[in-house]
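If you read the sequences in order, they're chains F and A. Counting from 32, one number per residue, gives the positions in the first sequence under our numbering. Counting from 32, one number per residue, gives the positions in the second sequence under our numbering. The beta carbon of each residue, even a glycine, is placed where N, CA and C say it ideally should be. None of these values were measured; they are calculated from a predicted model. Structure record follows, encoded as structure tokens.
Number of protein chains: 2
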Amino acid sequence: MDHAPQPAPVLARLREGFERIALVLRADLWSAAGEAGLNPTQAQVLALLAARPAGLRPKEIAAHLAVTAASMADTLSALERKALLRRTPDPADARAVIARLTDGGRDLGGRLASAASQVTAALAGLSANEQADLLLAQVKIIRTLQQAGAIPLQRLCVTCRHFRPHAHPGEANPHHCAFVNAAIGDRDLRLDCGEHEAADPAVQAATWTAFTG
Amino acid sequence: MDHAPQPAPVLARLREGFERIALVLRADLWSAAGEAGLNPTQAQVLALLAARPAGLRPKEIAAHLAVTAASMADTLSALERKALLRRTPDPADARAVIARLTDGGRDLGGRLASAASQVTAALAGLSANEQADLLLAQVKIIRTLQQAGAIPLQRLCVTCRHFRPHAHPGEANPHHCAFVNAAIGDRDLRLDCGEHEAADPAVQAATWTAFTG
DNA sequence: GAGTTATAATTAGGAGTCCTATGTTTTTAT
DNA sequence: ATAAAAACATAGGACTCCTAATTATAACTC
């Protein structure tokens with residue numbers, strides 16, 4: 032009869048795994064940002080806005096990074112001081128503001144978004160199939176989080192009106208993106224596509240069924 | 032001829048996925064910690080030490096959480112002020128100190144480690160197979176990070192001298208843990224086992240080959 | 001064994017995140 | 001028209017997190 036300590040349930044261990052990896056991501060961010068004279072939060076804002084040429088409102092940025100709007104105001108002021116970002120009035124709403132990167136900010140943000148990372152290096156050790164499965168799992172998790180309201184709307188292929196799941200059954204790249212008019216596979220799925228256009232809720236549900244079915 | 036923007040390579044998108052999930056983890060940590068009057072860093076220390084009854088040195092804690100020893104001294108002082116932690120001299124080294132949780136700290140740390148989380152809820156939406164595959168991918172990533180020196184030594188099954196990969200070939204739980212003397216499957220792999228004892232490097236390599244091969 | 005170098009921890013000083021609460025302005029609802 | 005709601009900013013405060021310097025001990029080197 033064994034009396035081993037009770038192992039944590041699998042869900043808790045999976046969360047633990049994400050937490051371990053998250054710590055490395057944060058460390059990577061510190062080193063990449065530090066070289067540019069920034070801190071992690073500033074770097075995250077830059078990387079986010081580099082993918083959003085039209086800019087975002089402070090409130091939206093705060094939601095994406097899971098901080099309050101007041102905290103984000105601090106960070107935006109810091110970035111504005113460094114001439115990496117500009118806040119301009121929103122013509123559509125006189126209360127609001129749009130935060131956009133300056134040319135320098137866009138440069139730096141792009142570099143940060145594609146900076147080398149120890150996590151990226153570790154991911155390279157997985158096989159192509161493992162990478163595809165992992166991306167698929169991430170898409171499922173992120174979609175669930177989005178549906179639960181835990182994160183703002185994400186620009187995922189699987190919620191996009193251009194996405195046609197299993198349009199090419201049996202082939203290596205079974206899905207299709209009507210925007211680029213090309214066949215794509217699981218490993219090509221995007222998490223933040225600049226061309227994303229949200230499909231109708233009903234269409235999204237049907238797409239999801241077809242995608243996972 | 033299409034001129035769509037170049038999609039980020041799959042490794043960058045996988046990292047992006049981890050970053051999204053990491054943000055939710057951080058938000059979860061804020062809410063769980065906030066109810067206890069703590070902040071995320073303090074909560075992480077508590078959760079880490081709750082699994083280490085023997086305590087850890089400040090330097091080790093700092094390495095686990097990827098901050099400097101100086102920063103960790105701040106946090107340990109804060110926790111000591113709240114009577115959740117005590118620092119005692121290390122008998123083996125008069126320069127050093129051992130940080131251990133008080134009874135109250137252990138209580139709280141245990142509760143934080145198993146607190147509800149939006150990520151856990153999202154993970155519940157994956158099938159049992161997907162969960163096992165995801166855990167397996169995490170183990171591979173974490174082991175690679177460990178080997179690269181990006182994170183301190185982790186107490187993984189796959190580096191433990193009690194672990195016998197594929198000791199029961201063909202069965203649902205093919206592996207075996209000699210410590211608890213029980214068959215275990217991929218979904219039972221632990222990331223921070225209290226009973227972990229590191230195997231010899233040569234044995235670790237052989238175990239890994241047998242495990243993945 | 002004496003002297004040098006390395007290590008563990010902390011403190012000091014400063015920048016900056018991040019919170020809650022409050023205030024200001026504009027929009028929307030009644 | 002008035003009230004309620006929303007977007008942003010500021011104020012005040014706790015605390016993280018960094019680098020650099022300090023103290024004490026340990027571990028080498030000759």
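Where the alpha helix (DSSP H) through residue i begins and ends
i, result
"F/Pro40", "Segment: none, F/Pro40 is in no alpha helix (DSSP H) and carries neither H nor E."
"A/Leu110", "Ala100 to Arg112"
"F/Leu96", "Pro89 to Leu96"
"F/Pro71", "Pro71 to Ala81"
Boundaries of the beta strand (DSSP E) in which residue i is found, first to last residue
i, result
"F/Thr119", "Leu116 to Asp121"
"F/Ala125", "Asp124 to Leu132"
Coil, strand or helix - residue i by DSSP
i, result
"F/Asp231", "coil"
"A/Ala241", "helix"
"A/Ser62", "helix"
"F/Ala146", "coil"
"F/Gly225", "coil"
"A/Gly136", "helix"
"F/Gly48", "helix"
"A/Ala236", "helix"
"F/Gly86", "coil"
"A/Ala67", "coil"
"A/Ala152", "helix"
"F/Asp33", "The predicted position of F/Asp33 is uncertain, since its pLDDT is 44 and thus under 50; a value taken from the coordinates is nonetheless stated next. Correct three-state label for F/Asp33: coil."
8 Å CB neighbourhood of residue i in its chain, flanking five on each side removed
i, result
"F/Gly68", "Lys113"
"F/Leu56", "Ser148 and Val150"
"A/Glu47", "Ala39"
"F/Gly276", "This structure gives no information on residue 276 of chain F, because the portion of chain F shown stretches from 32 to 244."
"A/Leu176", "Ile182"
"A/Ala35", "Reliability of the predicted coordinates at A/Ala35 is poor, the pLDDT of 46 falling under 50, and the value obtained from them is presented with this limitation in mind. No residues qualify anywhere along the chain."
"A/Ala104", "Pro89"
Own chain partners of residue i with C-beta closer than 7 Å, once the 5 adjacent residues on each side are dropped
i, result
"F/Asp223", "Ala82, Gln185 and Arg186"
"F/Thr238", "Val189, Phe194, Pro196 and Ala230"
"A/Thr106", "Thr72, Gln73 and Val76"
"A/His95", "Leu79 and Pro183"
"A/Asn70", "Ala64"
"F/Gly135", "Ala114 and Leu115"
"F/Pro120", "Val128"
"A/Leu139", "Ala67, Leu77 and Leu115"
"A/Asp59", "Ser148, Gln149 and Val150"
Close beta carbons around residue i, own chain, < 6 Å, minus the five adjacent residues each side
i, result
"A/Arg192", "Glu228 and Ala230"
"A/His199", "Pro205 and Ala214"
"A/Ala146", "Ala63"
At what residue ranges does the segment 154-223 of chain F contain a whole run of the alpha helix (DSSP H), taking only runs of 4 or more?
159-178
Which residues of the segment 44-71 of chain A have a Cβ closer than 7 Å to any Cβ of chain F? Give them in chain order.
Arg44, Leu45, Arg46, Glu47, Gly48, Phe49, Glu50, Arg51, Ile52, Ala53, Leu54, Val55, Leu56, Arg57 and Ala58
Chain-ordered residues of the segment 150-172 of chain A with a beta carbon less than 9 Å from chain F
Val150, Thr151, Ala152, Ala153, Leu154, Ala155, Gly156, Leu157, Ala159, Glu161, Gln162, Ala163, Asp164, Leu165, Leu166, Leu167, Ala168, Gln169, Val170, Lys171 and Ile172
Please list, in chain order, the residues of the segment 78-101 of chain F that have any C-beta partner in chain A closer than 7 Å.
Leu96 and Ala97
Note down, in chain order, all residues in the segment 111-143 of chain A with a beta-carbon under 8 Å from any beta-carbon belonging to chain F.
none
Could you please tell me which residues of the segment 189-204 of chain A, in chain order, have their CB closer than 7 Å to any CB of chain F?
none
Below 9 Å between beta carbons is the criterion; list the residues of the segment 220-239 of chain F that meet it against any residue of chain A, in chain order.
Leu220, Arg221, Leu222, Asp223, Cys224, Gly225 and Glu226
Using a Cβ cut-off of 8 Å, which residues of the segment 208-220 of chain F contact any Cβ in chain A, in chain order?
Phe210, Val211, Asn212, Ala213, Arg218, Asp219 and Leu220
Chain A contacts made by the segment 172-185 of chain F, where a contact means CB separation under 8 Å:
Ile172, Ile173, Thr175, Leu176, Ala179, Ala181, Ile182 and Gln185
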